[in-house]
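**Student:**
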Amino acid sequence: MNYCQLLFDTEEKYLELEALIDAESGRRLTYKSLMEEVKKTAGLLEYKGYTNGDVIATHLYNSIEAAVILLAIQYIGGVVCLIDPLLKSNEVIYYIEDSSAKCVFTHLKTTDMDMVEKEKTEVININEFENELRDFVHVGKKFYSYSENELAMLLYTSGSTSKPKGVMIPAGNFFTFLEKSYHSKYIHNEDDRLLCFVPFSHGYGCISIFIPCLRGKAALVFLRSFQPIKISQIILSENISHIFGVPTHFQQLLRYESIHDSLRKLKAAFVAAAPLNYETASSWYRITGIYLDEGYGMSETTTLISSRMNMLPEPAGNVGFPPKGILEISAVDEDGSVLEDGIIGEIRVRGRGIMLGYLNKPEETAERIRDGWIYTGDHGYRRSDGSFVICGRKDDVINVAGLKISPLEVEAAINSHEDVVDSAAIGIEDNIYGEIVKAYVVIKDNAKATERDLIKYVSGKIANFKVPKYIKIIEEFPRNNLGKIDKKALKDMR
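For what it's worth, this note's numbering labels the leading residue of the sequence shown as 223, then goes sequentially.
Next comes the structure, spelled out in C-alpha cells:
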C-alpha cells in the first residue's frame, strides 16, 4: 500500500481535471501532470541516492511543490518528516537531528542552514531543486509498496511542556483515515474544490484535507496563509466548495461583512484543532446558511477521532460521534475505570489508525499508550446519545475547592455577551480554593463592556463557583502556528 495509490489509480476520464492550484504563484497542475511531476521528482530523489526507509524532511510553505515532494517521498518508500515552515533555522535543527533525516527540503537559503551537519543531512533549497528538476529526464520506478505497519510519516507534536515528539504514522493509517472520512459528508468528488490555508506541514493539511481530496479527484487550492479578503476572492474566482480552518479563522471571516456574500457560496466548512464556541457556530450558520462541521482528533490517532455534522455544538464542546467500527472512545477516572455518562474524566481511544509510538521515546510512548488505549490528555464526558463533549486539556480543567470546571463552559457564558469576540478561561493558584477562575477576553471594536460588566453578566449565566474572579480585556490572544489559543502563555502573562 502507498499514499500514492490515491493519485496513480486515477481513471483516464479524470486525468485532465485540475488537481492542485497555487493561489500565490498561479501555477496549476492537472491529475495527469501531477502524476508526471511526482514520478520525475521521485526519479531525482532516487538518482540522489535516496531509497525506502530514508527519512526526508520538508520545511515548506503551502504550495504545489510541498505536495509533490510529499508524494514523491512516499513514491520511493521514504519517511516524510513534516516541519512547520515558520520555524527558524536554529529550531529546525532539533527535528533534523531527532528524526535522523538524510535530507531536508527548505524554503530557506542553504546558507541559512549552515549549522546542519552536511555529512549527515543534505540541505536542498526548494527553488534550486525545481531548477534542477527541469533538466532531469528520468522518472521513478513503480511506487514502493509499504506494509500496513511500516513507518511512512513523522508528525511532530507542539511540545508545549517538553521537546516536540515525533509521532510515527504507519502507511496503513492513511487508508484508515479514508474510512473515517466515509462516516462524514466529506466524501469529495470531481466537482469539489477545496481551499487549504491551514498548514500543509500539519496532519490537518496533509492528511485530513489532502487524502480525501486525492481519493475523490477534487481540486485543492493552496494559500500560504490566512487572509480573509484574499480567501473571499479565491472562493469566487476558483468556485471553492469547501474551506477548512480553526475557530479563530471563522471568527475573523465573520467580522468582514463585505465578504459574507462569498461565504454563502460554499458547500461546506469544517473546523478542527481547537474548540469551537457556540456563538461562532451559530453566527456562521445564520450568515452563511451552512453549519460549521467540527472534528476532534490528535496526531497520535492520525487526526480524526470524532466529528459533529450538520448541527450546532450543544452543549459547548460537543464533538459528536466516533466512526463506528474503527475507534472506541471512553471517559475514565484516574484508575482507568469507565465513568458513567455525564461524568468528566480523561478521554481515551483505541482501535485502528493509532500511531506506532513516539520516535526514540519509549517512556513517553508507554505513558501515552496503556493496554492498547491512547490516553489523550483531554478531559470530557460521554452523553447518553453516544456523543462526546470535550471540556479541555487535562491540565486546563479548573479545580475550585475540588470541583472540576470545564473552561469551555465558562468561555461559552462569556462569549454569549454581545460585545465579546472570544475568551479563554484558565485556573490560577489560590491559597483558599486551590484554584480560581480567571478569563481573558477580546471584545469587538468600539464595544463598551468593561471587565466588571462581564463578571456581572456571567454571574447570571453559570454557578457562582464557576464565575471568573478576574476578567482581563486584551487586544489579542497569543496563538500557536495553527491558530490555537496558547493557554500556557496566558498563564505566564498574569
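Just so it is clear, CB atoms sit at the ideal spot from N, CA and C, and this is done for glycine as well.
Would you say residue 659 and residue 596 are within 8 Å of each other, going by their C-beta atoms?
**Tutor:** Cβ distance not < 8 Å, so residue 659 and residue 596 don't count as in contact.
**Student:** So the alpha helix (DSSP H) residue 263 belongs to, where does it begin and stop?
**Tutor:** Counting along the chain, the alpha helix (DSSP H) containing residue 263 begins and ends at 253-269.
**Student:** Excluding the five sequence neighbours on either side, which residues of its own chain have a C-beta within less than 8 Å of the C-beta of residue 252, listed in chain order?
**Tutor:** These residues qualify, in order along the chain: 237, 238, 239, 240 and 241.
**Student:** I need the straight-line Cα distance from residue 509 to residue 465, nearest angstrom please.
**Tutor:** About 16 Å.
**Student:** Answer with buried or exposed for residue 625, where buried requires no fewer than 16 other C-beta atoms within 10 angstroms of its C-beta.
**Tutor:** When all chains shown are included, residue 625 counts as exposed.
**Student:** Using a 10 Å radius around the Cβ and a threshold of 16 neighbouring Cβ atoms, would you call residue 265 buried or exposed?
**Tutor:** Burial call: buried.
**Student:** Could you check which residue in 427, 576 and 667 has the C-alpha nearest to that of residue 590?
**Tutor:** Comparing Cα-Cα distances from residue 590 to each of 427, 576 and 667, the minimum goes to 576.
**Student:** Short of 6 Å in beta carbon distance, which residues of its chain neighbour residue 246, apart from the five on each side in sequence? Order them along the chain.
**Tutor:** If we look at residue 246 and ignore the five residues flanking it on each side, its Cβ neighbours are 446.
**Student:** Looking only at its own chain, which residues have a Cβ that is under 6 Å from the Cβ of residue 204, when we skip the five neighbours before and after it?
**Tutor:** It is not possible to answer for residue 204, since the shown part of the chain is limited to 223 through 716.
**Student:** Counting pairs of beta carbons, one from the segment 394-404 and one from the segment 310-329, are three or more of them closer than 8 Å?
**Tutor:** Too few Cβ pairs lie closer than 8 Å, so no.
**Student:** Hey, would you say residue 450 sits closer than 8 Å to residue 469, going by beta carbons?
**Tutor:** Contact: no.
**Student:** Check each candidate in 337, 322, 488 and 332 and name the one with the smallest Cα separation from residue 313.
**Tutor:** Among 337, 322, 488 and 332, the Cα nearest to that of residue 313 is on 337.
**Student:** Report yes if the C-beta distance between residue 223 and residue 503 is below 8 Å; otherwise report no.
**Tutor:** No, they are not a contact pair.
**Student:** What is the DSSP secondary structure of residue 512, counted as helix, strand or coil?
**Tutor:** If DSSP states are grouped into helix, strand and coil, residue 512 belongs with coil.
**Student:** Please look up how many angstroms separate the CB atoms of residue 492 and residue 551, rounded, as I've assumed it's under 8 Å.
**Tutor:** Incorrect: roughly 20 Å between the Cβ atoms, too far for contact.
**Student:** Quick one, which of 452, 437 and 488 has its alpha-carbon nearest residue 461's?
**Tutor:** Comparing Cα-Cα distances from residue 461 to each of 452, 437 and 488, the minimum goes to 488.
**Student:** Residue 373 and residue 719 - do their beta-carbons sit closer together than 8 Å?
**Tutor:** Residue 719 lies beyond the residue range present for the chain, which begins at 223 and ends at 716; the question has no answer from this structure.
**Student:** Express the C-alpha separation of residue 309 and residue 391 in angstroms, rounding to a whole number.
**Tutor:** Approximately 22 Å, taken between the alpha carbons.
**Student:** Which residue from 637, 254, 681 and 686 puts its Cα closest to that of residue 538?
**Tutor:** Looking at the Cα atoms, 637 is the closest of the given residues.
**Student:** Going by beta carbon distance, what residues of the same chain come within less than 6 Å of residue 515, once the five residues before and after it are set aside?
**Tutor:** Excluding positions up to five away in sequence, the list reads 492 and 531.
**Student:** If contact is defined by three or more beta carbon pairs under 8 Å, each pair taking one atom from either stretch, is the segment 686-702 in contact with the segment 653-673?
**Tutor:** Segments in contact, yes.
**Student:** Can you give me the Cβ contacts of residue 387 inside the same chain, cut-off strictly under 8 Å, excluding the 5 residues immediately before and after it?
**Tutor:** If we look at residue 387 and ignore the five residues flanking it on each side, its Cβ neighbours are 378, 379, 381, 580, 581, 583 and 586.
**Student:** For residue 630, does the count of other Cβ atoms within 10 angstroms reach 16, so buried, or fall short, so exposed?
**Tutor:** Buried: at least 16 other Cβ atoms inside 10 Å.
**Student:** Are there three or more Cβ pairs, one per stretch, closer than 8 Å when the segment 412-423 is compared with the segment 558-568?
**Tutor:** Short answer: they don't touch.
**Student:** So what's residue 311 in DSSP terms, helix, strand or just coil?
**Tutor:** Here residue 311 sits in helix by DSSP.
**Student:** Within 10 Å of its beta-carbon, does residue 335 have 16 or more other beta-carbons around it, so buried, or fewer, so exposed?
**Tutor:** Buried is the call here.
**Student:** What is the DSSP secondary structure of residue 584, counted as helix, strand or coil?
**Tutor:** Residue 584 falls in the helix class under three-state DSSP.
**Student:** Would you mind reading off the limits of the beta strand (DSSP E) that contains residue 652?
**Tutor:** Looking at the DSSP string, the run of the beta strand (DSSP E) that includes residue 652 is 642-652.
**Student:** Spatial neighbours of residue 368 within its chain, please: CB distance less than 7 Å, with the 5 preceding and 5 following residues excluded, ordered by chain position.
**Tutor:** The residues are 223, 224, 299, 374 and 393.
**Student:** Should residue 333 go down as buried or exposed, given a rule of 16 or more other Cβ atoms within 10 Å for buried?
**Tutor:** With fewer than 16 Cβ atoms within 10 Å of its Cβ, residue 333 is classed as exposed.
**Student:** Should residue 715 be labelled buried (16 or more other beta-carbon atoms within 10 Å of its own) or exposed?
**Tutor:** Under this definition residue 715 is an exposed residue.
**Student:** Within its chain, find whatever has a CB closer than 7 Å to the CB of residue 268; leave out the 5 residues flanking it on each side and keep chain order.
**Tutor:** Answer for residue 268: 298 and 362, listed in chain order.
**Student:** Check whether the Cβ atoms of residue 423 and residue 307 lie closer than 8 Å to each other.
**Tutor:** It is a contact, given that the beta carbons lie within the stated cut-off.
**Student:** Let's test the definition: count the other Cβ atoms within 10 Å of the Cβ of residue 482 and tell me whether it reaches 16, buried, or not, exposed.
**Tutor:** Its Cβ having fewer than 16 others within 10 Å, residue 482 is exposed.
**Student:** Excluding five sequence neighbours on each side, which residues of the same chain lie with their C-beta closer than 8 Å to the C-beta of residue 438?
**Tutor:** Excluding sequence neighbours, residue 438 sits near 409, 410, 411, 412 and 414.
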